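Asks: My numbering applies: residue 44 is where the sequence shown begins, and numbers increase by one.
Think of the CB as a built atom: it goes at the ideal place given N, C-alpha and C, for glycine as much as any other residue.
Computed from a predicted model, the values in this text were never measured in an experiment.
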Amino acid sequence: MSGRCDGTFNCDKLVTNQLEIPPGAIAAEASVGRYTVHHSEPAGTAVTSKSTIFHHFAEAGKVREVNLQLHTAPDGGDRQYTVEVKKGSAGAPSTILTGAITADNADTDYAVLVGTLTSSPVACAAGDFLMIEVTASGSSGTQGQGFCLSVVIDQDPV
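1) How many angstroms separate the CA atom of V109 from the CA atom of D121?
2) From which residue to which residue does the beta strand (DSSP E) around A146 run?
3) Which of the three DSSP states, helix, strand or coil, is assigned to D171?
4) Between the Cα of G163 and the Cα atoms of G187, S83, V195, D150, which residue gives the shortest distance?
5) In the DSSP output, which residue or residues are listed as bridge partners for V90?
6) Under the assumption that V128 contacts L140 (Cβ atoms under 8 Å), give the Cβ distance between them as a whole number of angstroms.
7) Go ahead and pull the three-state DSSP assignment for P85.
8) Can you tell me whether A135 is buried or exposed, with buried defined as 16 or more other CB within 10 angstroms of its CB?
9) What separation, rounded to the nearest whole angstrom, lies between the Cα atoms of T145 and V155?
10) When DSSP labels each residue in this structure, what does R107 get in the three-state scheme?
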């Protein structure tokens, strides 16, 4: 994509996929921004249970996908951890996945585990937040170490 645009998305010319779009043909209100937010736990440290807010919606948007990239998977025994992603606002947060993503000794190091959304996409209002809940369990084997949760979001036009 090429062209010159100012901060209000007024363009002298916009070229994308060899199609030239004349000035003023796309209003800023019609553009959708896609971005990915992350929550990471460090490699080399056993995954432990925790709950934390990791994203706030300044504007309305839609969650498009949720992926969990393992660093070191749990190994042997019954060690595992689950990752739940919840959406909240003024009330109690509720899950946006049909089930928690589970990392256990059946997974391999660096595997990508894909979450299934309760609806596709999951609508979020301005002021909503996303929260991760990790539950570590098991008593034998080695717990997984490190992961990166990625959530793909489309921000609605403003």
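Replies: On the basis of the data shown:
1) For this step, residue 109 is matched to residue 66 along the sequence shown. For this step, residue 121 is matched to residue 78 along the sequence shown. Between V109 and D121, the C-alpha separation is close to 25 Å.
2) The count along the sequence shown starts at 1 and reaches residue 146 at position 103. Where A146 is concerned, the enclosing beta strand (DSSP E) starts and stops at 144-147.
3) To locate residue 171, count along the sequence shown from 1; it is residue 128. D171: coil per DSSP, three-state reduction.
4) Mapped onto the sequence shown, residue 163 falls at position 120. What sits at residue 163 in the sequence shown is Ser, not Gly. If we check each option's Cα against that of S163, V195 comes out closest.
5) Residue mapping note: residue 90 aligns to position 47 of the sequence shown, counting from 1. Bridge partners of V90: none, in fact.
6) In the sequence shown, counting from the first residue as 1, residue 128 sits at position 85. In the sequence shown, counting from the first residue as 1, residue 140 sits at position 97. Taking a contact as a CB-CB distance under 8 Å, the pair V128 and L140 counts as one, their CB atoms being some 6 Å apart.
7) Working through the sequence shown from its first residue, we reach residue 85 at position 42. In this structure, P85 counts as strand in the three-state DSSP scheme.
8) Mapped onto the sequence shown, residue 135 falls at position 92. Label assigned to A135: exposed.
9) As a working note, residue 145 is residue 102 in the sequence shown. As a working note, residue 155 is residue 112 in the sequence shown. Roughly 11 Å separates the two Cα atoms.
10) The sequence position of residue 107 within the sequence shown is 64, counting from 1. Under the three-state reduction of DSSP, R107 is assigned to strand.
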